[in-house]
Amino acid sequence: MEVQGKIKLIGETQTFGSNGFRKRELVVTTEEQYPQHIMIEFVQDKSDLLNNYSVGQDVKVSINLRGREWTNPQGEVKYFNSIQGWRVESLQPAQAESGGMPPVPPAEAFAPADELNEEEHDDLPF
Numbered sequence: 133m134e135v136q137g138k139i140k141l142i143g144e145t146q147t148f149g150s151n152g153f154r155k156r157e158l159v160v161t162t163e164e165q166y167p168q169h170i171m172i173e174f175v176q177d178k179s180d181l182l183n184n185y186s187v188g189q190d191v192k193v194s195i196n197l198r199g200r201e202w203t204n205p206q207g208e209v210k211y212f213n214s215i216q217g218w219r220v221e222s223l224q225p226a227q228a229e230s231g232g233m234p235p236v237p238p239a240e241a242f243a244p245a246d247e248l249n250e251e252e253h254d255d256l257p258f
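Numbering (this note's numbering) for the sequence shown: 133 to 258.
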């Protein structure tokens, strides 16, 4: 599954317990009639994926829905859901400086051709 939207918040990396479990939260605001603020967890090494992103960027996040059952000390069964991210892609257009094609100047930037000879033969096959 995927969620698309604008990054609203990138949380700090949190570490839990003696085993070093790491978690980082990302909030993405969807762009639809009724925008939703979706909190997505990135765990362990996936938390590092957020290092290259910042608030305000448009992204597509690949997610998995997780659910678990827990029995509290009183014997009551509770259910919890979470959204875990495993990939983030920027939806920003690539900049020309990043090795893409340079922008094309407007037509007004070119001088008109003055010396056209209609009689001159060209050897183009079309």
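Cβ atoms here follow ideal geometry from the backbone N, Cα and C, with glycine treated the same way.
Check: Compute the distance between the beta-carbons of Ser179 and Arg156, then report whether it is under 8 angstroms.; Outcome: yes
Check: In angstroms, rounded to a whole number, what distance separates the CA positions of Tyr346 and Asn183?; Outcome: As displayed, the chain neither begins before 133 nor continues past 258, which places residue 346 out of reach and without an answer.
Check: Expressed to the nearest angstrom, what Euclidean distance is found between the alpha-carbon atoms of Phe153 and Gly143?; Outcome: 16 angstroms
Check: Following a CB-centred definition, is Ile170 positioned closer than 7 angstroms to any heavy atom of the ligand ATP?; Outcome: With respect to small molecules bound, the structure shown includes none, and the ligand ATP cannot be examined in it.
Check: Rounded to a whole number of angstroms, what is the C-alpha to C-alpha distance between Val193 and Gln206?; Outcome: 38 angstroms
Check: Taking DSSP as the reference, what is the three-state secondary structure of Ser150?; Outcome: coil
Check: When the Cα atoms are used, what is the spatial distance from Ser150 to Val135?; Outcome: 33 angstroms
Check: So, helix, strand or coil for Asn196, using DSSP?; Outcome: strand
Check: Which residue comes first and which comes last in the beta strand (DSSP E) that contains Met133?; Outcome: Where Met133 is concerned, there is no enclosing beta strand (DSSP E), given that its DSSP letter is neither H nor E.
Check: Could you please give me the residues that DSSP links to Glu221 through a beta bridge?; Outcome: Lys192
Check: Report yes if the C-beta distance between Val209 and Glu201 is below 8 angstroms; otherwise report no.; Outcome: yes
Check: What does the Cβ neighbour count give for Phe148, buried or exposed, with the cut at 16 atoms within 10 Å?; Outcome: exposed
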